[in-house]
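So the sequence shown is residues 1 to 328, counted in UniProt numbering. From the three backbone atoms N, C-alpha and C, an ideal C-beta is built for every residue, glycine too. Single-structure report; data block below.
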Amino acid sequence: MKICIFGAGAIGGYMAAKLAQAGGDVSIVARGPHLAAIQAQGLTLLEEGAGPVTVRVRATADAADLGPQDYLIVTLKAHSVPPVVAAMQPLIGPGTTVVSGVNGVPWWYFHKIGGPLEGTRLHSVDRGNLQWDGFGPDRVLGCVVYPAAEVSQPGTVRHIEGNRFSLGEPDGSRSDRAVALSQALQAAGLKAPVRPRLRDEIWVKLWGNLSFNPISALTHATLDVLCTDPGTRDVARRMMIEAQEIAEKLGVTFPIDVDRRIDGGAAVGAHRTSMLQDLEAGRPMEIDALVGSVQELGRITGTPTPTIDTVLALVALRGRMAGLYRTT
Ligand SMILES: NC(=O)C1=CN([C@@H]2O[C@H](COP(=O)(O)OP(=O)(O)OC[C@H]3O[C@@H](n4cnc5c(N)ncnc54)[C@H](OP(=O)(O)O)[C@@H]3O)[C@@H](O)[C@H]2O)C=CC1
Ligand SMILES: CC(C)(CO)C(=O)C(=O)O
């Protein structure tokens with residue numbers, strides 16, 4: 001099984017290192033000093049309770065070096081994907097499955113959902129339909145990424161916690177391609193359940209990213225603080241309740257309630273959300289995929305989103321003032 005991980009930073013690097021350690025046929029597309037270090041010294045994974053492990057993987061900046069894959073796993077930041085869909089084409093053959101390991105509402109959300117919204121395209125995450133047209137929705141296998149990891153120095157990925165990558169077909173079926181990838185990931189020591197209702201999981205994860213991430217970017221507070229401060233907890237709660245109304249109109253069932261989700265965030269502790277980390281490090285912020293997409297779904301479903309609109313306006317301006325966000 002040939003697997004290419006495109007954008008092998010924190011999450012993709014973690015996945016690639018685990019697959020390579022298990023003897024999988026995995027290659028990566030990366031760039032810059034991180035790629036140079038991997039090419040020179042290999043990809044090093046630091047995991048709690050284990051010494052550093054360095055694996056040799058085929059690593060390139062140019063997808064044309066690698067040819068068509070069985071699985072193309074995309075682990076770029078959401079805003080980085082559309083501009084490189086054309087560059088990914090050499091990795092895609094007639095039998096290639098594209099796995100979208102990206103946070104937020106996925107561009108394929110309305111593929112095979114059934115009902116009147118079937119086939120709806122999402123401007124906020126796929127302007128110009130570059131992903132819809134360039135990958136083709138039938139190739140897509142959904143993925144919800146739970147692990148936390150970081151590139152601690154070029155060529156080195158530090159795993160922080162978690163090892164679950166939930167997989168799911170847009171139509172909820174238990175397909176051969178989903179089962180085969182699940183088995184490969186499990187053989188690499190990762191959890192990879194195939195879920196019949198992946199959209200439910202997407203929303204439970206998104207609940208946190210939608211609210212905690214922009215609130216943290218605006219306040220510079222860590223999760224434990226923003227989830228327990230009465231004012232910001234209330235803002236998160238309102239955003240999540242608006243999101244829940246949207247999601248339920250789209251057929252989603254939430255297995256937990258908003259307060260439990262916020263308590264779960266608080267329990268993570270003094271964690272700086274990825275959006276706060278991006279802001280502080282001067283990296284582009286995933287505002288459209290995590291917040292703008294939910295506002296768009298609010299418009300599509302005719303659901304008012306006053307709190308989401310307010311927080312989005314504030315964090316978008318924060319991002320623009322820092323030169324880390326622009327609406328195209
Ligand atoms: N990190 C985490 O703990 C978690 C992340 N996620 C989600 O997973 C996704 C990936 O996040 P994460 O791994 O943190 O992101 P990273 O920025 O660490 O990884 C993306 C990598 O892709 C590289 N890249 C960007 N554009 C290109 C290109 N054109 N060609 C080749 N390489 C490219 C980046 O390089 P460069 O650095 O030069 O931009 C970077 O190394 C996001 O949607 C994120 O929200 C979900 C759960 C937790
Ligand atoms: C906030 C958190 C931990 C979960 O909602 C997250 O996924 C992030 O930092 O992006």
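- In the assembly as shown, P116 is an exposed residue. Its beta-carbon has fewer than 16 other beta-carbons within 10 Å.
- A distance below 6 Å between beta-carbons, with the five flanking residues on each side excluded, links L297 to the following residues of its chain, in chain order: I246.
- The DSSP assignment places 198 to 219, 223 to 226, 230 to 249, 258 to 268, 274 to 281 and 293 to 301 as complete runs of the alpha helix (DSSP H) inside the UniProt domain "Ketopantoate reductase C-terminal" (198 to 316), in order along the chain (cut-off: 4 residues).
- Bounds of any alpha helix (DSSP H) do not take in Y71; it lies within the beta strand (DSSP E) bounded by Y71 to V74.
- Shown in chain order are the residues whose CB sits closer than 7 Å to a heavy atom of ligand 2: N103, A148, K205, G208, N209, F212, N213, L223, G265, V268, H271, T273, S274 and M275.
- Rounded to whole angstroms, the separation of the alpha carbons of I113 and R197 is 11 Å.
- Straight across, the Cα-Cα distance linking F6 with L19 is about 14 Å.
- In this structure, Y146 has its beta carbon less than 8 Å from a heavy atom of ligand 1.
- Secondary structure at S80: helix, using DSSP grouped into helix, strand and coil.
- Runs of the beta strand (DSSP E) lying entirely within the stretch 48 to 130 and spanning at least 3 residues, in chain order: 53 to 55, 58 to 60, 71 to 74 and 97 to 100.
- Out of Y14, L91 and L324, the CA that lies nearest to the CA of N163 is found in Y14.
- Under the DSSP assignment, S175 falls outside any beta strand (DSSP E); it carries neither an H nor an E label.
- Closest in C-alpha terms to L317, from the list A270, L279 and D259, comes L279.
- For K191, no alpha helix (DSSP H) encloses it, and the DSSP letter there is neither H nor E.
- According to the DSSP secondary-structure assignment, R158 is paired through a beta bridge with L46 and E150.
- In the pairwise beta carbon analysis, the stretch 122 to 129 is classified as touching the stretch 70 to 84: at least three pairs are separated by under 8 Å.
- Annotation for S216: T222, L223, L226, R272, T273, M275 and L276 place their beta carbon closer than 8 Å to its own, counting only its chain and skipping 5 residues before and after.
- Here V311 has S211, P214, I215, L218, V235, M239 and V291 as same chain residues with Cβ atoms under 8 Å from its own Cβ, once five neighbours each way along the sequence are excluded.
- Here the alpha carbon of V57 sits roughly 16 Å from the alpha carbon of P33.
- For G24, there is no enclosing beta strand (DSSP E), as DSSP gives it neither H nor E.
- Separation of L72 and G231 (C-alpha to C-alpha, rounded to the nearest whole angstrom) is 43 Å.
- DSSP places R164 within a strand segment (E or B) once states are collapsed to three.
- Nearest C-alpha to Q69 among K77, T54, G51 and M88: M88.
- Ligand 1 has a heavy atom closer than 8 Å to the beta-carbon of T75.
- Taking the Cβ of A86 as the reference point, every heavy atom of ligand 1 lies at 8 Å or farther away.
- Separation of P106 and A36 (C-alpha to C-alpha, rounded to the nearest whole angstrom) is 30 Å.
- Checking the 8 Å criterion, the Cβ of E150 is within range of a heavy atom belonging to ligand 1.
- Cβ-Cβ distances below 6 Å link R199 to V252 in the same chain, with the five nearest sequence neighbours on each side left out; the list follows chain order.
- Relative to ligand 1, S216 has its C-beta separated by 8 Å or more from all heavy atoms.
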